[in-house]
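For the sequence shown, position 87 matches number 309 in my numbering, and the numbering has no gaps at all.
The structure appears right after this line, and notes come after that.
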Amino acid sequence: KALSDPSRQVRTEAIKALSLLMPLSTRVDPLIKELVSGALGKNASVEGTALTAVQTATLEALTTVLEQGGSKAKLPASIPSALDAAKQLLTSPDEGIRESAAMVMGTSCSLLTPDVTEEILAEILKSPESSFEARHGHACAIRRILAGGAQVSAVEDLKKHVLNYLKDDKAAVREAGFAALGATIGRAANPTSSLRSSEAELFKVMKNTQEPMEIHRAVARGLC
């Protein structure tokens with residue numbers, strides 16, 4: 223209930239509390255189902271910016287529940303339902319929802335079979351990405367899926383795809399792109415070689431004092 227509280231601080235503490243409760247919980251499936259419903263905004267008692275805030279908090283809580291207790295889910299549909307919700311929200315008009323949905327997607331993929339992850343990434347690579355929201359959401363998803371540890375074979379194809387985000391006219395897409403680039407480098411068959419081949423792109427930004435601080439932070443996130 224605290225995830226729907228008007229106060230951001232209360233919602234944040236609710237997420238922390240859930241992470242502590244998960245190791246003690248034996249019934250994860252009903253909780254996942256409830257969080258998926260809340261993330262999609264079903265039966266919400268608020269709307270507008272308040273609903274957006276609740277959805278974002280619920281997605282963050284869902285990520286925490288999956289990380290801490292996803293392996294205890296017994297119903298076959300539980301984790302896939304979280305993944306489906308994340309896919310629906312990945313192109314949301316709100317940036318925070320897109321970023322949180324990508325986190326759910328990354329954690330879900332780490333719990334499911336490799337073929338599910340490969341299918342999702344193949345869809346991203348084939349997508350026309352005509353909207354800014356789609357490009358940003360996909361960049362976030364690539365980063366989270368690779369960072370989440372899911373088995374991925376097409377890392378080099380993903381890297382080539384991510385390099386396009388670095389030239390985007392939207393700052394948010396470029397930020398997400400640099401973070402995703404780091405994830406592709408880290409998951410490459412030869413990370414050292416992959417990093418060297420990307421040095422020109424990275425140094426171009428790192429040496430440019432005119433670049434916004436947010437872009438420099440994104441480069442740092444990617445390198446971490």
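Note that beta-carbon positions come from the ideal geometry of N, C-alpha and C, so glycine has one too.
Being a predicted model, the structure only gives us computed values, none of them experimental.
For residue i and residue j, what's the separation of their Cα atoms in angstroms?
i, j, result
"K238", "G328", "19 Å"
"S416", "P228", "45 Å"
"Y307", "G408", "Per the sequence shown, residue 307 should be read as Ala rather than Tyr. Taking the straight line joining both Cα atoms gives about 27 Å."
"K348", "E341", "11 Å"
"A361", "L385", "10 Å"
"A224", "A372", "31 Å"
"I346", "G359", "10 Å"
"S293", "T274", "28 Å"
"D316", "A261", "13 Å"
"H383", "P434", "23 Å"
"T406", "R233", "32 Å"
"S267", "S226", "9 Å"
"E269", "K309", "21 Å"
"T248", "A440", "38 Å"
"G399", "A411", "20 Å"
Over the uninterrupted alpha helix (DSSP H) stretch that includes residue i, give me the two end residues.
i, result
"P336", "P336 to K348"
"T285", "T271 to G291"
"P302", "S300 to L311"
"C446", "Per DSSP, C446 belongs to no alpha helix (DSSP H) and is neither H nor E."
"A398", "A393 to G408"
"P252", "D251 to A261"
"T413", "Thr is not the amino acid found at residue 413; the sequence shown has Pro there. P413 to M428 is the extent of the alpha helix (DSSP H) around P413."
"E321", "E317 to L333"
"Q231", "R230 to L243"
Measure the CB-CB distance between residue i and residue j and report whether it falls below 7 Å.
i, j, result
"V276", "M244", "no"
"L257", "L297", "no"
"V395", "R357", "yes"
"I319", "T280", "no"
"I301", "L333", "yes"
"K389", "F354", "no"
"S352", "Q290", "no"
"S330", "A363", "no"
"V338", "A295", "no"
Buried or exposed for residue i, please, with buried defined as at least 16 other CB atoms from any protein chain shown within 10 angstroms of its CB.
i, result
"M325", "buried"
"E397", "buried"
"L246", "exposed"
"T313", "buried"
"F425", "exposed"
"K381", "buried"
"S419", "exposed"
"S322", "buried"
"E378", "exposed"
"A401", "buried"
What distance in whole Å lies between the Cβ atoms of residue j and residue i, which are believed to be in contact at a cut-off of 8 Å?
i, j, result
"L343", "A369", "Going by Cβ atoms, the distance from L343 to A369 rounds to 13 Å, so no, they are not a contact pair."
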